[in-house]
Structure formats: structure tokens, C-alpha cells
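As C-alpha cells, the structure follows; a few thoughts come after it.
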Amino acid sequence: MHTRYIFLFLFTFFSLVCNAGTHLDNHVVGGKNNGKLSYPGVYQGYTTPEYKGFKYHSLYLTMRDSTLIATDVYLPKKLEEGKQVPTILYLTRYLRSLRIKFPLNLFKSPILVVVPEAEIEFFTSHGYACIIADVRGSGASTGVRKMEFSPEEIADGKEIVDWIINQPWSNGKVGSTGVSYVGTTAEMLLANQHPAVKACIPRSNIFDLYNYVMMPGGIRQTPFIDAWGKTTQNLDHNNFSIFGKMAKHLLFGANPVQGDRGKKIYKSALAQHRNNFDITEGIKHVVFRDDTLPKLGLSSEAFSVHSFRKQIENSGTPIYRIGGWYDGALQKSLFDGMANTKNTVKVLVGPWDHGPQNNVSPFAATKVVNFPVKLEMLRFFDFYLKDIDNGIDKEPKLYYYTIGEETWKASNEWPIAKQEHTLFYLNIDSTLTPNIKKNGIVNYAVNYSASSGNTSRWNSITQLFMNGPTNYSNRMEEDKKLISFTTSPLQNIAEITGSPFLDIYWSADASDANVFAYLEDVSPDGTVTYITEGMFRPMHRKISENKLYETSTPFHSYLKEDAIPYQTNEMVRLQFEMLPTSYQLNKGHSIRVSFAGADAGHFDITTPRPKCFNFGCGTLYPSAISLPLSIK
Numbered sequence: 343m344h345t346r347y348i349f350l351f352l353f354t355f356f357s358l359v360c361n362a363g364t365h366l367d368n369h370v371v372g373g374k375n376n377g378k379l380s381y382p383g384v385y386q387g388y389t390t391p392e393y394k395g396f397k398y399h400s401l402y403l404t405m406r407d408s409t410l411i412a413t414d415v416y417l418p419k420k421l422e423e424g425k426q427v428p429t430i431l432y433l434t435r436y437l438r439s440l441r442i443k444f445p446l447n448l449f450k451s452p453i454l455v456v457v458p459e460a461e462i463e464f465f466t467s468h469g470y471a472c473i474i475a476d477v478r479g480s481g482a483s484t485g486v487r488k489m490e491f492s493p494e495e496i497a498d499g500k501e502i503v504d505w506i507i508n509q510p511w512s513n514g515k516v517g518s519t520g521v522s523y524v525g526t527t528a529e530m531l532l533a534n535q536h537p538a539v540k541a542c543i544p545r546s547n548i549f550d551l552y553n554y555v556m557m558p559g560g561i562r563q564t565p566f567i568d569a570w571g572k573t574t575q576n577l578d579h580n581n582f583s584i585f586g587k588m589a590k591h592l593l594f595g596a597n598p599v600q601g602d603r604g605k606k607i608y609k610s611a612l613a614q615h616r617n618n619f620d621i622t623e624g625i626k627h628v629v630f631r632d633d634t635l636p637k638l639g640l641s642s643e644a645f646s647v648h649s650f651r652k653q654i655e656n657s658g659t660p661i662y663r664i665g666g667w668y669d670g671a672l673q674k675s676l677f678d679g680m681a682n683t684k685n686t687v688k689v690l691v692g693p694w695d696h697g698p699q700n701n702v703s704p705f706a707a708t709k710v711v712n713f714p715v716k717l718e719m720l721r722f723f724d725f726y727l728k729d730i731d732n733g734i735d736k737e738p739k740l741y742y743y744t745i746g747e748e749t750w751k752a753s754n755e756w757p758i759a760k761q762e763h764t765l766f767y768l769n770i771d772s773t774l775t776p777n778i779k780k781n782g783i784v785n786y787a788v789n790y791s792a793s794s795g796n797t798s799r800w801n802s803i804t805q806l807f808m809n810g811p812t813n814y815s816n817r818m819e820e821d822k823k824l825i826s827f828t829t830s831p832l833q834n835i836a837e838i839t840g841s842p843f844l845d846i847y848w849s850a851d852a853s854d855a856n857v858f859a860y861l862e863d864v865s866p867d868g869t870v871t872y873i874t875e876g877m878f879r880p881m882h883r884k885i886s887e888n889k890l891y892e893t894s895t896p897f898h899s900y901l902k903e904d905a906i907p908y909q910t911n912e913m914v915r916l917q918f919e920m921l922p923t924s925y926q927l928n929k930g931h932s933i934r935v936s937f938a939g940a941d942a943g944h945f946d947i948t949t950p951r952p953k954c955f956n957f958g959c960g961t962l963y964p965s966a967i968s969l970p971l972s973i974k
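Heads up: the sequence shown is residues 343 to 974, going by this note's numbering.
Quick look at the structure:
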């Protein structure tokens, strides 16, 4: 991590800041009466901040097996005696809070970690209690972690909710939220089907652990896995030196629970955490979805949200999914979660990366996330936890941002019907056309320095993997390392909204390979702007008749039994989706699809390395890309 980010990291750590900002002004719906306004990004007249500041205390909650869960409680300051308020619950694996060393602790202690203090301030000011708990085997909680999102961890959530609703300040209603891992625990909580959990807002969460994080397209993300593993292992050991010398000198470590005399429980908990299961080492042995992790004896399916989707759906708890178009592969969680859980009632997709932390639109004037995410969450929680009829239930289900047009739009469906899939064929003259041209083969000498960049979407999904704000610069030079196919200049404005789909005929001069594809916008001056991407390992090319869960595109199971080993120089048909997007290209611009054999710094490379890819073209090998396109 660069020095300039150390100070930021010390005081935000894994917190993913959701800043308030400008409101939606393009699509006005929802409630509007007596001066009240309620629609995405705007919420006026229904509620005002009632409290200033919060009061804090911590305690241990004893679970059914005597595991002690370290819990921070934040209540509105000067909450009236006898008044009851709803609760927002966060379950974290990344430390609920930190304790800083003397003398700084005289001025500020504890330091919030995974949940920004601004978020706690915001919700407590509006009359909510906030609870942040270290999941078992992490932070100051006791126990040993045998796996991530374990059945024991999920069941703990039920007991924590039981405790909450029995507090004198509780109105008996609980909402869950969080970002990334914490967003995933927020949704996993619903598997308990606790009647008091009335609302859930998972942000940047993980619906399919194998295909969205570990191995998108069947290709392992070892650099990310290493960064995440290094982070969690050091947190488990209460070691902060990896975050810089200053962190080591300033931080005492995970925040002990108040009343723990001599920190006996705290010290015992830290000793127990040294026996936590190292999931990252196990992931390095995984190739197929159903591969078991050594020492665990279970596959990643055992702790993936989609495996619990029926329990989550049967909870009946309304879900509002929030994420961004540039959030690793996690925007797929939004749409697959929407398609597979009937209780997903709202989805918000912005021009954001993980968190969101940054506005990634190349056309934005600032990287600042200027959509008021906290205010939007308040609208949802107010409706379901405070019974404030603000009209959010009458709005379209999906709100999404179209990059380039820089406009918010609404829909009740995904895929969006007006976006007709249009085929563009790859040609031997490097063009991309609606009609098939003559037969032939195009060769590509694989360049293993090809990369999506060190500030890409993949870097944003963990702080220690970031090298600055998520950003894609002009890809003109990078495309020289790739093989590209480009349309003629567009005669009209075109919008691509949905999941582009590749159907190509391909071969390589080795027995294994990885294929990366980039969809790009080429301006008249030659500037190349990144739109989205897809990646695929050819051994997984079988289209599965029995989907594990509903998707809008043909499904690859990534199961061992469905694998088709690749034979060197065999021309095979590869069909795979690109990550969903919403992007507008201007008149005079061209659409380009570029292919690579590597994404250096992000994904593993197969051995032996192919030296050459071949792409079939024409009626014999009608390689094409299908774009969800509308012409304006």
C-alpha cells in the first residue's frame, strides 16, 4: 500500500464510506404529498434527525455452546427513558472496533473499523440503535473459525437478534446491513428466518463465492486471495504491522470488551484465533466448484449464499440489494439475487466499485460517490422498521445508472425487454459486423503482460489490493497487446444494458488456457474506454441443462463431472457472458471487443502457457458477440 493511503487506512481500515451527496433528478417517483418527497436519493419531510451523537457500551453475549460474542452497542444519545427504537445489526469478520494506544485513546476510543462512524452517527441520529458484533473466532470474540460463514456463525445471528429484541430500548424490529463480508452475513442472517428481522440491505455482497470471488469464469484470483488471506490472518493474530509502521505504533489492536477484568477473555480469544482455519491455502487447491478444501472436507458451496437461497426467500424479509457496475464480479450478485429470491424488493446499481468507495464512470467530474446511499437505506429501514409510509414499496424494483448518459433509470425487470440482443460477428479483417463475412482463422500471439490495470475493478474488492481509486485509463496502448475486432462508427447513439454474451470458436497451442474479453468504446480520436469484461477457462465450456440457480444467460456448472479437458489445437466453441453493465456510446464511436490470454496481476496463468490463440470467423466458425442493445 502506498504511503499516502496509510493514514486513510488507519482511520477507515475496511470501512467502505457511503457519502451523502447530490440527489437523483432524472427519475422522480414514489411518495409526494404535503411537502414530502420520497424517491431514490431524495427523502424529505418524513423524518428528521432527532438525536445528536450516540452513547456506546460493549459486552459479551453468550452463545448456546458458551462461545462469547464481542458486541458494541450504539444508542442515540439522550434517548428518552422508555422509548423503544429499531436496531440495525452488523456482523463482521474484520473487527467491530479498534483500541488505540495512549495518549491518543484519551481523545478517541474506540475507533470504528468495518462500519464508518458517520454511518453510526447517521442512523442513531434518526432514532436507531446500532449493534456491531465480531463473529465467532474473530476480533475479541472467542472461538476458533473452522470456515467462513459457518453454520455456527449463522446460528449465532439468531441468538444475537433474540438478545436485541429483549432489550428495554428495542421496538422488536431488526434490520441487517453491511458491505462485502458484512453484507453477506447480513443476508445469511435471513437463513435463520427470525420473525424480528424485518429488513435487509446487503451491499457488495457475495451470492456465489466460487464464480464471483474465488474463480470468476473458473479462473483463480490468487493475488486477491493472497491479499485477503494475509489481511484476515494478521487480524486474527492481532498484528497490524502489515498496515504500516504507524499502525503498529498507534494501535493496541482489536477493542477489548468493557468489564473484561485483566483482559482475560480477550487474551484467551486471541490465543484461540491462532488456530483458525486458513481458507486461502485451501482455495489454491480448488479447480472445480465441488472440489473440497483440504482439512475442511467441504466445498465453497457449503458457505455460499446461493446454497441458502430457499431459506433466505422463505424468511419473507424484504431485501434491498445495493452495488456498482465496477464491483469486481459482484454486480452479478445483485441480479442473480434478484432472480432467485422473491423477497428481493429493491435493487440499486450505481457507477461504483466495491462499497461503494468511488464513482468509476469515466465521464464523472469527480470520483466522489455523490449518491446518498445512507439516506436511501434510511428510506428502506424507515418503511419496514418504523412503519413510515414513504412510498418506497410502490416504486419500480430496479434503479440503475447508465454510464456515458450519466442518468439514473428505473425498471421492474431484468433483463430489460427493450434491450434486444444484437449479434456482431468477428471477421478476419478485424472488423465486427452484423453480417458474416468470409471464412478464415485469425491468429493471436498471447502477450502475458496484458492487464486490466492496477486500479481495476478487481483491485477494489479488498483495501490491501488497492493502488488508488478505481480507474480505467485510455486503453489504446493496452489494446496493442490484445487482438481486437471493431465496428464501423455508429450512425446513432447506442445503449448497452445487460450482460453481453460471447459465442466464439477458438483454439490454442497448449492443453489449457484462460480467455479474457474486453468490451470497449472507441472514440473518433482513437481513445479506447473500458466498458466491461468477461473471462473463461475453456475446460468449463459445457452448458449445463440443470442450473444451480436461475440466471439470464446459459449456465456453466464448473462441476468436476461437467469438465471437458481441452485438447491442444482443437477448435472448440466457447460461450460465456461478460459482466453486466449499462453504458451509452455516442454517435460516431465504435464498439470493440478485444481478447487476451492473461490479466497480469489479477488472475492465474495456466501451465503450460499457450503461445498462440486462433479465432475462427465466417460461416464455418461464426464467432460473435451478442449485445443487449438499443439504438436511440
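For glycine and all other residues, C-beta sits at the position ideal for the given N, C-alpha and C.
Alpha-carbon to alpha-carbon, residue j and residue i
i	j	result
Asn447	Arg441	7 angstroms
Glu392	Asp669	34 angstroms
Ala533	Glu490	15 angstroms
Leu890	Asp633	16 angstroms
Asn701	Glu748	11 angstroms
Phe858	Phe878	7 angstroms
Val555	Arg487	20 angstroms
Gly373	Lys902	Residue placement at Gly373 cannot be trusted, given a pLDDT of 48 that sits under 50; the coordinates are not used to answer.
Leu635	Leu740	37 angstroms
Thr955	Gln535	A quick correction: the sequence has Phe, not Thr, at residue 955. Going by the C-alpha atoms only, they are around 50 angstroms apart.
Ile474	Asp602	18 angstroms
Ser979	Gly377	Within the shown structure, residues of the chain are numbered from 343 to 974, placing residue 979 beyond reach of any answer.
Glu718	Ser522	18 angstroms
Pro565	Gly692	26 angstroms
Asp851	Pro952	5 angstroms
Asn581	Phe444	18 angstroms
Ala905	Ser826	28 angstroms
Val415	Ser400	6 angstroms
Asp578	Asn618	8 angstroms
Where the beta strand (DSSP E) containing residue i begins and where it ends
i	result
Asn785	782-787
Gly395	Run containing Gly395: none; DSSP gives neither H nor E here.
Ile661	661-666
Ala850	843-850
Val521	512-521
Residue i: first and last residue of the uninterrupted alpha helix (DSSP H) it sits in
i	result
Asn576	564-578
Arg616	Looking at the DSSP string, Arg616 is not in any alpha helix (DSSP H), and its letter there is neither H nor E.
Ile462	459-467
Ser675	673-682
Ile654	651-656
Leu592	587-592
Residue i, DSSP secondary structure in three states
i	result
Leu962	coil
Phe957	strand
Glu423	coil
Glu819	coil
Ser439	strand
Pro493	helix
Asn754	coil
Asp724	helix
Pro922	coil
His399	strand
Val370	Summary for Val370: the model assigns pLDDT 42, below 50, so the residue's position carries little reliability, and this model does not support an answer.
Leu832	coil
Asp771	coil
Tyr743	strand
Ile474	strand
Beta-carbon spacing of residue i, residue j below 8 angstroms
i	j	result
Gln926	Gly746	yes
Trp800	His944	yes
Ser483	Ala412	yes
Val539	Val524	no
Ser802	His696	yes
Trp570	Thr622	yes
Next on the checklist: With a threshold of 8 angstroms, are at least 3 pairs of Cβ atoms found where one atom belongs to the segment 534-554 and the other to the segment 783-796?
Outcome noted: Under the Cβ criterion (8 angstroms, minimum of three pairs), the segment 534-554 does not count as touching the segment 783-796.
Checklist entry - Is it a yes or a no for the segment 383-390 touching the segment 578-590, going by three-plus beta-carbon pairs under 8 angstroms? => result Segment contact: the segment 383-390 against the segment 578-590, fewer than three CB-CB distances shorter than 8 angstroms; contact not assigned.
Next on the checklist: Whether or not the segment 964-971 and the segment 844-859 are in contact is what I'm after, with contact meaning three or more pairs of Cβ atoms, one per stretch, closer than 8 angstroms; do they touch?
Outcome noted: As far as the Cβ criterion goes, the segment 844-859 touches the segment 964-971, which means the pair count is three or higher.
Checklist entry - Between the segment 917-926 and the segment 672-684, do at least 3 Cβ pairs fall closer than 8 angstroms? => result Touching, yes, given that three or more Cβ pairs across the two stretches are closer than 8 angstroms.
Checklist entry - Counting Cβ pairs, one atom from each stretch, are 3 or more of them under 8 angstroms apart for the segment 642-654 and the segment 858-874? => result Fewer than three beta-carbon pairs drawn from the segment 642-654 and the segment 858-874 are found closer than 8 angstroms, and the two stretches are therefore not classed as touching.
Checklist entry - If we count Cβ pairs, one from each stretch, closer than 8 angstroms, do we get three or more for the segment 754-772 versus the segment 458-478? => result With a cut-off of 8 angstroms on Cβ pairs, the segment 754-772 is not in contact with the segment 458-478, counting fewer than three such pairs.
Checklist entry - Are the segment 425-443 and the segment 507-514 in contact at 8 angstroms, needing three or more beta carbon pairs? => result The segment 425-443, when compared against the segment 507-514, does touch it at the 8 angstroms Cβ threshold.
Next on the checklist: Across the segment 590-601 and the segment 829-838, are there enough close Cβ pairs to call them in contact, namely three or more that are closer than 8 angstroms?
Outcome noted: Remark: fewer than three beta-carbon pairs, one from each stretch, lie closer than 8 angstroms, so the segment 590-601 and the segment 829-838 are not flagged as touching.
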